[in-house]
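S.K.: For reference, the structure I am asking about is given below.
Residue numbers (this note's numbering): 30 to 169.
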């Protein structure tokens with residue numbers, strides 16, 4: 030008997046349907062096994078490896094990037110001082126960096142938003158002034 034398509038859809042499990050008992054993975058299989066004491070033992074015959082061609086220096090296929098090129102320096106760096114010496118350390122893209130990039134790419138939007146913010150501040154100032162006048166009138 031072969032199940033119908035609707036039945037197959039019902040039989041398909043997802044990781045959300047069971048509490049930690051169904052690990053889908055990426056279908057590559059296991060790289061080892063669990064020993065009796067509970068530790069995981071890697072079977073090196075199953076581990077995927079890259080075979081380097083013989084005579085690599087004279088091999089016809091070459092990578093897209095040349096070995097002669099200097100590494101590209103990151104523009105996100107930080108100066109760190111340790112033991113009286115300063116080091117330049119690469120950092121990740123921070124929120125401020127992202128906002129700077131976004132504001133340079135979307136200048137019109139930034140200007141419009143600043144105008145909207147100014148109008149809103151002015152409106153709130155007027156509302157606060159009216160409330161203060163009402164409070165004074167109520168006290169008198």
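For glycine and all other residues, C-beta sits at the position ideal for the given N, C-alpha and C.
Give the DSSP bridge partners of residue 114, in chain order.
M.R.: Answer is 111.
S.K.: Assuming residue 75 contacts residue 60 (C-beta within less than 8 Å), just tell me the rounded distance between them.
M.R.: 5 Å
S.K.: If I measure Cβ to Cβ from residue 77 and keep anything under 6 Å in the same chain, skipping five residues before and after, which residues do I get?
M.R.: none
S.K.: What does the alpha-carbon distance come out to for the pair residue 139 and residue 132?
M.R.: 6 Å
S.K.: What is the rounded straight-line gap between the Cα of residue 89 and the Cα of residue 100?
M.R.: 24 Å
S.K.: I need the straight-line Cα distance from residue 124 to residue 105, nearest angstrom please.
M.R.: 12 Å
S.K.: For residue 88, does the three-state DSSP call read helix, strand or coil?
M.R.: coil
S.K.: Just the C-alpha distance for residue 143 and residue 55, rounded to the nearest angstrom, thanks.
M.R.: Whole-angstrom Cα-Cα distance: 47 Å.
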